[in-house]
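See below for the structure under consideration.
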Amino acid sequence: MSPVTIADREIEDLFRNEVLRKFPGHGVFGEEFGEIKGSSSYYWVIDPIDGTKSFIHGVPLFCTLIALMKDDEPVFGAIHNPILDDLVLGDGTSAYHNGTKISLRSCDSLSQATLLTTDPLGAEKYREPNGFDNLAKACKLYRTWGDAYGYYLVATGFADIMIDPKMSKWDIMALIPVIKGAGGTITDYYGEDPVKGDSIVVSNPSIHKEIINYLKP
3 MSPVTIADRE IEDLFRNEVL RKFPGHGVFG EEFGEIKGSS SYYWVIDPID GTKSFIHGVP
63 LFCTLIALMK DDEPVFGAIH NPILDDLVLG DGTSAYHNGT KISLRSCDSL SQATLLTTDP
123 LGAEKYREPN GFDNLAKACK LYRTWGDAYG YYLVATGFAD IMIDPKMSKW DIMALIPVIK
183 GAGGTITDYY GEDPVKGDSI VVSNPSIHKE IINYLKP
């Protein structure tokens, strides 16, 4: 078993045990151990290390993602970067960074926008690539400060767009209440509900429709 797998499993195991101790009726769904069903309508979703490659190489941009679900809708989310001591919490109506209320910065056009993604080749692997390439050209700045850290940067007002063309449930759920709480729009690649999707587009509401128009095949 690799060191990163050991770390993933130990974090998730610790979290599961704490949830079951404090909320014995709640379920838990995680990347490493799958699902434990509970008797309550509430359950938790965890990605113990989002940004595995950063973790392996000692780059301090990996995070832990945790979401609380009620009837399959995320009602609370947390993004935690243990190295930089950053904690972002959101409940869909408000969001906080280390206790201070946050919101997305103003961005009225793509020509002002900083675009982030995790994998610069992701669109070519999973989606029609020309739309993403054209979107990147329309933006002021394009960088690969990705994984959960990219969503943290958007939520705290340091970037304007974050896109991932391929994601899993444990990647997505915590981001939804955080981004909405910070005043952002979050959808899948086609502008639909991200809860049922396998991709994510996050941005300021004023430019979101234009972004989706670029990405749609």
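Read in order, the letters of the sequence shown are residues 3 to 219 in the numbering used here. Every residue gets a Cβ at the ideal spot worked out from N, C-alpha and C, and that includes glycine.
Query                                                                                                                                                                : Result
Judging by CA-CA distance, which residue of Leu91, Gly53, Lys72, Leu70 is the nearest neighbour of Leu63?                                                            : Gly53
Using 10 angstroms around the beta-carbon of Ile85, count the other beta-carbons present and answer buried if the total reaches 16, otherwise exposed.               : exposed
So, under 8 angstroms CB-CB, Gly193 and Ile214 are touching, yes? Tell me the CB distance rounded to an integer number of Å.                                         : 4 angstroms
Looking at C-alpha atoms only, which residue of Gly40, Thr66, Asp93 is the closest neighbour of Phe78?                                                               : Asp93
Between which two residues does the beta strand (DSSP E) holding Leu117 run?                                                                                         : 116-119
Keeping to the same chain, check which residues put their C-beta closer than 7 angstroms to that of Asn100; ignore five residues upstream and five downstream.       : Asp88, Leu89
Where do the ends of the alpha helix (DSSP H) carrying Glu212 lie?                                                                                                   : 207-217
CA-CA distance, Gly36 and Gln114?                                                                                                                                    : 41 angstroms
Where does Asp166 fall in DSSP's three states?                                                                                                                       : strand
Take Glu34 and list the residues in its own chain whose beta-carbon comes closer than 7 angstroms to its own, dropping the five residues that flank it on each side. : Asp10, Arg11, Glu14, Pro50
Determine the DSSP secondary structure at Asp49, reduced to helix, strand or coil.                                                                                   : strand
Along the chain, where does the alpha helix (DSSP H) that runs through Val197 open and close?                                                                        : It is not in any alpha helix (DSSP H) - Val197 carries neither H nor E in the DSSP assignment.
Give me the residue from Ile163, Leu143, Phe31, Asn132 with the minimum Cα distance to Arg107.                                                                       : Ile163
Are the CB atoms of Glu212 and Leu112 nearer to each other than 8 angstroms?                                                                                         : yes
Do Ile48 and Gly32 have their C-beta atoms closer together than 8 angstroms?                                                                                         : yes
Sorted by chain position, which residues of the same chain lie with C-beta nearer than 6 angstroms to Pro122's C-beta, five sequence neighbours on each side aside?  : Thr146
Thr189 and Pro196: beta carbons closer than 8 angstroms?                                                                                                             : yes
For Tyr191 versus Leu137, is the C-beta spacing smaller than 8 angstroms?                                                                                            : no
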